[in-house]
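Numbering (UniProt numbering), first residue to last: 1 to 233. The structure appears below as structure tokens.
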Amino acid sequence: MGCDVFFNLPLHPNPVTYTYQLVNIPVQVMYLGPGKMVKVTCEWMKHFAWHLQQGWKLAEIFWDQGKRSHGDFTLSGDHNSVWFFEKESARASDPTPVYEGVIIEYKHTVKIGFFQTKAKGDWGPMISEMGSRGWELACMLETPEVTNIGLGNITFKILFFFQRRILQGQPPPGTYYPPPPQGNYNQYPVPGGQNYAGAPPPPYYPPQEYQAPPPYNPNSLGKPSAPPHPEKF
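Here it is as structure tokens:
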């Protein structure tokens with residue numbers, strides 16, 4: 001299996017240089033039976049928020065096809081995802097947060113016909129609205145989770161990772177609830193309660209399908225280095 005990595009080269013004579021951190025994050029995938037739903041378990045917001053609070057910025061998330069099966073006769077197992085974070089080289093040792101983040105969950109339906117497969121994707125308005133509020137789309141992650149199987153259609157779960165620079169005078173990430181975009185979307189809010197100075201208090205939107213994670217253990221992430229090749233089982 002090959003992987004192409006794309007980089008942008010600035011035309012500025014003295015471009016800013018960056019340092020990268022690649023982190024392996026396990027994702028549990030449970031197959032509930034032939035023709036049935038698939039459940040994906042991962043503390044997405046915990047990993048995302050912790051790195052942002054260390055001054056990193058999310059660049060991409062990649063499924064490297066690494067897998068540890070839960071048994072000899074099951075498709076369920078722990079899959080490996082690789083998270084790419086970047087930071088300006090001049091700030092490599094500076095843990096000051098620069099970005100805050102939010103994750104929006106989208107349910108994507110695919111209709112299966114006799115001679116064609118048609119996807120119903122209407123995430124354009126949601127992305128445009130988040131962009132108008134200053135949020136940058138960092139990554140769109142297609143998960144293998146199947147939330148519904150109907151007659152001729154399957155619904156998958158897609159996660160949109162957004163991030164934006166912290167405003168001057170704003171407390172650290174985790175203190176602002178951005179209003180959710182219009183439409184039927186679930187949002188993984190960053191915990192908190194107070195807005196940044198000078199702005200009106202935002203409305204509170206209760207978390208949907210997300211609970212606050214336990215205290216984070218940075219030792220579970222390993223050292224900032226390129227991930228090893230996945231083990232063969």
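Glycine included, each C-beta is placed from N, C-alpha and C at the ideal position.
- At the C-beta level, Q28 and D94 stay beyond 9 angstroms of one another.
- In the DSSP assignment, I112 falls outside any alpha helix (DSSP H) and within the unbroken beta strand (DSSP E) covering 99 to 112.
- Beta-bridge partners assigned by DSSP to D78: Q28, R68.
- Under DSSP, the beta-bridge partners assigned to E136 are Q163.
- Taking the Cβ atoms as the reference, F156 lies roughly 16 angstroms from I103, outside the contact range of under 8 angstroms.
- In the structure shown, F48 falls within a helical segment according to DSSP collapsed to helix, strand and coil.
- T117 is bridged by DSSP to I112.
- Non-local beta-carbon contacts of K57 in its own chain, meaning distances under 6 angstroms to residues more than five positions away in sequence, involve E86, Y99 in chain order.
- Non-local C-beta neighbours of E136 in its own chain, meaning closer than 7 angstroms and more than five positions away in sequence, comprise F162, Q163, R164, ordered along the chain.
- If you look at V38, you'll find it in the beta strand (DSSP E) that goes 38 to 41.
- DSSP places A59 in the strand class (E or B) of the three-state scheme.
- Judged by pairs of C-beta atoms under 8 angstroms, the segment 30 to 45 touches the segment 140 to 160, as three or more such pairs exist.
- Spatial neighbours of T19 in its own chain (CB-CB distance under 6 angstroms, excluding positions within 5 residues in sequence) are listed in chain order as K87, S89, A92.
- Bridge pairing for L141: L159 [DSSP].
- The C-alpha of K120 is placed about 8 angstroms away from the C-alpha of K111.
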